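What follows is a short report on a single structure.
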Amino acid sequence: MSLDYENDSALHEKLIGEVLSQYPDKSAKRRKKHLSVATSGDQPGQEGKALSECDVKSNIKSIPGVMTIRGCAYAGSKGVVWGPVKDMVHISHGPVGCGHYSWSQRRNYYVGLTGIDTFVTLQFTSDFQEKDIVFGGDKKLEKVIDEIEELFPLNKGISVQSECPIGLIGDDIEAVSRKKAKEHEKTIVPVRCEGFRGVSQSLGHHIANDSIRDWVFDKTEVEFEAGPYDVNVVGDYNIGGDAWATRILLEEVGLRVVGNWSGDATLAEVERAPKAKLNLIHCYRSMNYICRHMEEKYGIPWMEYNFFGPSQIEASLREIAKHFGPEIVDKTEAVIAKYRPLVDAVIAKYQPRLEGKTVMLYVGGLRPRHVITAYEDLGMRIVGTGYEFAHNDDYQRTGHYVNKGTLIYDDVTGYELEKFIEGIRPDLVGSGIKEKYPVQKMGIPFRQMHSWDYSGPYHGYDGFAIFARDMDLAINNPVWDLYDAPWKKKVAPPMAVAAE
Amino acid sequence: MSLDYENDSALHEKLIGEVLSQYPDKSAKRRKKHLSVATSGDQPGQEGKALSECDVKSNIKSIPGVMTIRGCAYAGSKGVVWGPVKDMVHISHGPVGCGHYSWSQRRNYYVGLTGIDTFVTLQFTSDFQEKDIVFGGDKKLEKVIDEIEELFPLNKGISVQSECPIGLIGDDIEAVSRKKAKEHEKTIVPVRCEGFRGVSQSLGHHIANDSIRDWVFDKTEVEFEAGPYDVNVVGDYNIGGDAWATRILLEEVGLRVVGNWSGDATLAEVERAPKAKLNLIHCYRSMNYICRHMEEKYGIPWMEYNFFGPSQIEASLREIAKHFGPEIVDKTEAVIAKYRPLVDAVIAKYQPRLEGKTVMLYVGGLRPRHVITAYEDLGMRIVGTGYEFAHNDDYQRTGHYVNKGTLIYDDVTGYELEKFIEGIRPDLVGSGIKEKYPVQKMGIPFRQMHSWDYSGPYHGYDGFAIFARDMDLAINNPVWDLYDAPWKKKVAPPMAVAAE
Amino acid sequence: MTRILPQTKSAAVNPLKSSQPLGAALAFLGVSGAIPLFHGNQGCTSFALVLLVRHFKEVIPLQTTAMDEVATILGGMDHLEEAILNLKTRTNPKLIGVCTTALVETRGEDFARDLSNIKMLRARELAGTEIVLANTPDFDGAIEEGWARAVTAMIQRITLPGEQARQSKKIAILPGWNLTVADIEHLRETVESFGLKAVILPDLSGSLDGTVPDDRWVPTSYGGTTVKDIQELGTAMQCIAICEHMRRPAEVLQGLTGVPYALFQSLTGLKDTDRFVSLLSSVSGATAPARIRRRRSQLQDALLDGHFHFGGKKIAIAAEPDQLYQLATFFTGMGAEIAAAVTTTGTSKILEKVPAEQVQVGDLGDLEGLAAGADLLVTHSHGRQAAERLGIPLMRAGFPIFDRLGSQHRLTTLYRGTRDLIFDVANIFQASQHAPTPQSLDPFRNREVPDDSRPPTFSRH
Amino acid sequence: MTRILPQTKSAAVNPLKSSQPLGAALAFLGVSGAIPLFHGNQGCTSFALVLLVRHFKEVIPLQTTAMDEVATILGGMDHLEEAILNLKTRTNPKLIGVCTTALVETRGEDFARDLSNIKMLRARELAGTEIVLANTPDFDGAIEEGWARAVTAMIQRITLPGEQARQSKKIAILPGWNLTVADIEHLRETVESFGLKAVILPDLSGSLDGTVPDDRWVPTSYGGTTVKDIQELGTAMQCIAICEHMRRPAEVLQGLTGVPYALFQSLTGLKDTDRFVSLLSSVSGATAPARIRRRRSQLQDALLDGHFHFGGKKIAIAAEPDQLYQLATFFTGMGAEIAAAVTTTGTSKILEKVPAEQVQVGDLGDLEGLAAGADLLVTHSHGRQAAERLGIPLMRAGFPIFDRLGSQHRLTTLYRGTRDLIFDVANIFQASQHAPTPQSLDPFRNREVPDDSRPPTFSRH
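Residue numbers (the numbering used here), protein chains in the order written: chain A, 1 to 500; chain B, 1001 to 1500; chain C, 2001 to 2461; chain D, 3001 to 3461.
See below:
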């Protein structure tokens, strides 16, 4: 169900103009490419059609002194792709900062005995000191690997996540990895994800994907009995239990999930991936590279799916079922029918409380487009959306999700986003922790849509019920009534207003 | 081991004089009878010899407007004797205050499923309202009993603990108890422990003892196979686990503890008590009545014992063993020998930290005499002691515990006690919660010796180690060094001193 | 409107309420140089004393008429007289506050006449000591009623009647018993920051604030409202009563002296504090100082940071009526809902305004029965075992709190106290968060009861 | 003397320390109208920013020079210049605080010269904005060092050198990073109560205290020390440095201007606060006001009420050196003992005074290994999982604290902060008390390790 509504293009064009007017000319010209208004909502499936007249220009360099929300390649590899692989130890290789800062920033849930056979929430760093910078860190890396083998013998493998200095001091982490892998008979994966590579975390995804291709696939004998309905779920990081909610549905329609990348994943799941029959991509942005590789090398087809909200769940399940033929199609229809009453109950409860509420999104990965319909399923309207680190293919994929007049912003700065929010004053903003406090101080309800704000899962039917409840809790909390937005204040001293 | 020391009689006589000089004549005359200085330390076993020249006069009425530490008969029955019987429900019968105030004031430990088959830490009251006072409460009591039977069907019996108004409004709780006992086929014990009876909690003990005699003994068929080494432990309320520590020792020397009154006790233990071979009295004050009755009626001898500190433990174990003959005597010597190294280790550790430290005690029950030797076992000295609600036989029993010159105070007021403490300035005061804060504010270390200050057990060898540690922690805490006692302050503004 | 449900049973199982004389004694303790005197047996006094000591961890100068069996039969006037004279001789208090107990009230003596007789006969000996009587049988009301009766009695007995010259900067504050020592300190400081002078009756912040007196032996309360202040209440510009149970004393003061009063049913929360600050502004003619504005701003921020943790949470509260209202409105104002509300007496008008479907007059047994599935229990320390049995965290509020330190130093009112409450509660929620597991995911599970695995409780409802 | 043990392994497992540039950024955030600028990749800045936001729950105006691959190879001066100019144009800050990161420090450029060049070439455009450089590579030191370096750099760059006319009522305070926002507020209020004026550098209480700015879009810090205050530090009568890591900035200030300094290695505890109050008395010539005396009295009472819960308790702390000293002396002063002490770097002189047998330079893995049998863990939020594995309660202290609200509003210093700490810790102990059972009684059990049933941990020691 895509709601039939149109956003205020003129207002949005005006806001873009105002924002840009504050920059020096050169910067304004560069920033202009990132901001746009959608021309018309396209039909689903029309991938590739232009999103807007001027279109956004994405995946280009950040500007010094203009802080945006983006991370770096290390964040893309260690933080997103590799970090959740639970039975491996991931070394943040270099000085302590990167590892410490990024520790526990994502809620990748898992099961396992932490510190014994599972290591997701532990943090390992080679903690470079000045002498390591001066004399090189390869010797230290060897020691660190040896120590890990001794302290955590049940680890299934190690990855070496390079921080910036590694690429500058000429260390040969590949050689160390090869040597130590042989010595300990373990998989050791060197990842060249130094932060200065690329313009955001996005290149880190690519590098991490490549390291799977080069250092994991076909490197060990995989004993695995493949079946006809085997699928990999790729790019679901199990934030708040998403992957678990997804697996429930896929298994109900008769498929077997043989790998989940990389939420709650084991190294073995990654190794056996090439034996599956289909790759189901959740986060296209971070994992399309390896899927394209698997398609090319092993002939495994891939397809995207979307399990946010009942409209997309149903559409995606049917698409997936089609791939496997009548038996699965029948089961799928039964599953959809089974969940209908639940969906109706959720909508009946929350739609009256959420109908017509407007939402602005600014997130990473696939969410700026994928969650749109979930909101619309509840009667809400998306008035603006944007990606932290998208490429142009992301924006092409966004076209059919957004309605005419929707404001589109790429790699937006705090300043720009706040100006847009202030101008539009939506009923809800869904973005990240950095945006949370400024938006709330504007008197506008907020939910973190990276991490589900300590809630979740949001995938699947189970997740939809939680999603609906969370949005209701955020928007309808009574504190918003107490909050006099500062711009509504009279010039009188604040107390005079406050005291009524 | 009784340390050989003598306290400062002259100082103590002077302090008594000073304290009394503050009272109106009439009150001074009455208070004088409660205060005294010990003439000489007697030898153990010489019960009955005069404690001091003037002797204290105890168990006499309190003076209006001169608040002491004493409680009332209800406190003695509900709070001490009956409350810990764990599988019965004890109704505080009357207005809510008494029940609420006394709730969880003693740490009678127990095992059991609270609220299911065990009720010690629950509080039940008939919560009288004005109409119950005016029209009488018997009907309400019936209802309360019925409700308890319905809500807590696994209770083994009920006691009705009368609060003051019951005795005034002419309720017939005995008739109600009889009626309901028949109806529910349960033991129901009415206890006439109205607070206005007697001068302290002491009469409540007696009344509670009598109610056991009249409403429990010989009322049901007791199926129980008696053995030759069966003993009851009487008057151990299992504060902080004391009774458990006691039981360990008695069982090690070959006895069988068939009843423990009333810490962690069941109604069945009370019922079968007359079948034991010996009653071992811990708290003589609260339970001598029923032991004398059992001696008279069932021919069960009784003896007092003292499990505080190794000297008394050894002496008591040997006394007990003598009663049972050579087999038990041999086992007892083996047990004593087994624990010697532990005792030596405790003393070696703590004596250097506690040697020569002076102690003043003011507690209830048997403690003002029984714990003395435990302190002396650690090299400490008792300079003053007194009972809250003693009778003369308590003071007779105290004689052989105290050394010459020890200050003795009976039913002391907060004012008197503080004056004594201020005059003597001992290194430690052991008393109750009401004394804790004034004493500490004087800059003097304190331990609660009713409730073991949330610690315990203090009985037995296990308890001695804990006791020694606790006294060390209290006396040697560094905060006492920080504390400028106010009378040591110069006249200068406090900061000038403080800032040094 | 909130439904008020009467008690469901005759027994109280784990009573919520303590009793009236204790509330009155507390109020008297807020007067400087005072001694509360329980007219009853030494036992009641001793019990109440211990409970007060455990709660405040302070010396409590509570006294007793030590009624014995004979006096119980023959009448207690002699004991009352002897107690008063003994106290006067030994400690020369400024105020003796007589609180009657169930024992003497059951006999139904005429205490007012007894007291008049004593005062008349002993006029010379008792000069310089006010003696105030509060009729507070245990079989009626609870702390709230006892406190209000004592304050009313003090005003009736001590305050000079008649219209008097008003001091433009002076306001009288009559706080409910449920404000902490820190609340009173903060209230005074807030009022003073507007250039006003506050006379607070009772004022526990002087006597029970955890200080160490310089002069050692203090047989009465120290700090607190002076008797002179009580005499001169009629010179205030404005009286502010906090909590519904203080309406009666405020009315009596107005009746006696004409001082108008404003009633705040709660001082917790942004709106009520705004109203309070606004009143201070208008009385003083001064705008709110920077410090107050900053506190408001910090509270706004705490509302933003904290609301997230409260949304949709289910709270079970057992408290006396005004505190129930104070806490319940705080929680619902943050987006939580009141899943269970239990209170001590059904007569207070404030109960109708409690933002819950119904309020049960009852005990902690009722709370335990109603609270299954809640996210937080709120009551005094005796709720700890119910909390443990239910596996639900407990926030301690009310009286007694004997198993935590510093409860009197926690702010619960005005901007800052509301801010602190938000942090405290949000942190309890954060500490007891549970992550989903693969097994716990089930779309058909009833999410309204987040954890079905809780053990059944013994109370029926 | 305390033994300082060097790191035992090459890896850091669950690092205790975060890194230097973050400490420097924090210090710059305590200046009004400032923007800290990370000279490095956008990624480092983004990570640090998120961590700061999670800790403070505030908007953090951290900026980046956005070094990319080309700049990394060819040198970063252009990026630095562009960043500074962009910031100047768009937000006109009073101060830009450049913090170098491992990325640019590894290249080993001469940033000081770069900056001089930029300032010279762009003098006109940059007028009115101070630009301060702190060399803070991640591969050296931790927050403490970064903070101290930034403060030193600000004094060196901004403070007017030379002896100046002294203002008799003005004192300069250089607080360590480990003081909370509430500590700073309280410090200022305490100083002012003596009739003195305090210039506090840095002052996080203005900018990160959880207020909601009236003016919406504030691209720099708001509140905090003004640049003018920093310029005029030389007119203070006295400088007070708090924590050993502030000795260097205090020395630099004295060297530049002759202002004498007194160093307080900790402001937690009765004795140190007495010394502080005494100094204020002597500088101001005023005796301590009643409010301060009352607080001291309340602390005394808290010492009495609280010591009982601390006696014999075993505490395991992991913190940066000065905070380790502050907390360890607090605990031992209450009768607890330090069973494990872990810190970030071994160079601070304060470590020798930590009241523990030994101090391990290491990580939270070390803490977890050393803490078995302790009664309390004390470290930042990342210690929560170790605490859970060990079954020992965690008191959160240091940076980051992201899973509790209000950590910046907790007092930890002076009389009141010490009092609050006592309550907090005593309440943790009270909440985790265990009663004995018949089974647990055994005289031969080793009481030094209260619970043998704890799971083994993965770290070896």
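All C-beta atoms in this analysis are idealised placements derived from N, C-alpha and C, irrespective of residue type, glycine included. These figures come from a predicted structure and were not determined experimentally.
A straight-line Cα-Cα distance of about 31 Å links residue 2274 of chain C and residue 2056 of chain C.
When the Cα atoms are used, residue 2221 of chain C and residue 103 of chain A turn out to be separated by approximately 54 Å.
When Cβ-Cβ separations below 8 Å define contact, residue 3267 of chain D makes no contact with chain B.
Going by beta carbons, residue 462 of chain A and residue 245 of chain A fall inside the 8 Å limit. Taking a Cβ-Cβ cut-off of 7 Å, residue 3128 of chain D has no neighbours in chain A, whose nearest Cβ is about 17 Å from it. With respect to the C-alpha of residue 1359 of chain B, the residue from B:1331, B:1406, B:1366 and B:1398 having the closest C-alpha is B:1406. A straight line joining the alpha-carbon of residue 1131 of chain B with that of residue 1137 of chain B spans about 9 Å.
In the three-state reduction of the DSSP assignment, residue 25 of chain A falls in the helix class, which pools H, G and I.
Assigned with DSSP and collapsed to three states, residue 3057 of chain D falls in coil, not helix or strand. Comparing C-alpha distances from residue 2094 of chain C to each of C:2178, C:2051, C:2231 and C:2388 shows the shortest one belongs to C:2231.
Around the CB of residue 1449 of chain B, 16 or more other CB atoms lie within 10 Å, so the residue is classed as buried. When rounded, the separation of the alpha-carbon atoms in residue 2236 of chain C and residue 2020 of chain C is 29 Å. Only those residues of the segment 3330-3353 of chain D whose C-beta falls short of 7 Å from the nearest C-beta of chain A would be listed, and there are none. Closer than 8 Å to the CB of residue 3228 of chain D there is not a single CB belonging to chain B. Take the alpha-carbon of residue 3360 of chain D and the one of residue 1254 of chain B: they are about 51 Å apart. One thing to note: residue 3250 of chain D has its Cβ no nearer than 8 Å to the Cβ of residue 3187 of chain D. Contact annotation for residue 3086 of chain D against chain A: 23, 24, 27, 63, 64, 65 and 66 [CB-CB distance below 9 Å, chain order].
The C-alpha of residue 184 of chain A is placed about 11 Å away from the C-alpha of residue 148 of chain A.
Excluding five sequence positions before and after residue 2295 of chain C, the CB atoms of its chain that fall closer than 8 Å to its own CB belong to 2414, 2415, 2416 and 2419, given in chain order. At a beta-carbon threshold of 8 Å, the residues of chain D lying near residue 438 of chain A are 3059, ordered along the chain.
In this structure, residue 3429 of chain D and residue 3313 of chain D form a Cβ contact; the two beta carbons are roughly 7 Å apart against a cut-off of 8 Å.
Of the candidates D:3087, D:3117, D:3088 and D:3080, D:3080 places its Cα closest to the Cα of residue 3099 of chain D.
Within chain A, the residues placing a beta-carbon under 7 Å from that of residue 2307 of chain C are 477 and 479, ordered along the chain.
By the rule that beta-carbons nearer than 8 Å mark a contact, residue 2302 of chain C touches chain D. Within the DSSP bridge table, the entry for residue 1279 of chain B names B:1232 and B:1302 as partners.
Under the DSSP assignment, residue 1250 of chain B falls in the alpha helix (DSSP H) whose first and last residues are 1242-1252.
Its chain contains 3060 and 3062 as the residues whose beta carbon lies nearer than 7 Å to that of residue 3049 of chain D, once the 5 sequence neighbours on both sides are disregarded; these appear in chain order. In this structure, the alpha-carbon of residue 2288 of chain C lies about 8 Å from that of residue 2278 of chain C.
In this structure, DSSP gives residue 1190 of chain B an extended state, which the three-state scheme calls strand. Using a 10 angstroms sphere on the CB of residue 3434 of chain D, the tally of other CB atoms stays under 16, which defines it as exposed. For the C-beta of residue 241 of chain A, the chain C residues within less than 9 Å are, from N- to C-terminus, 2435, 2436, 2437, 2438, 2440 and 2441.
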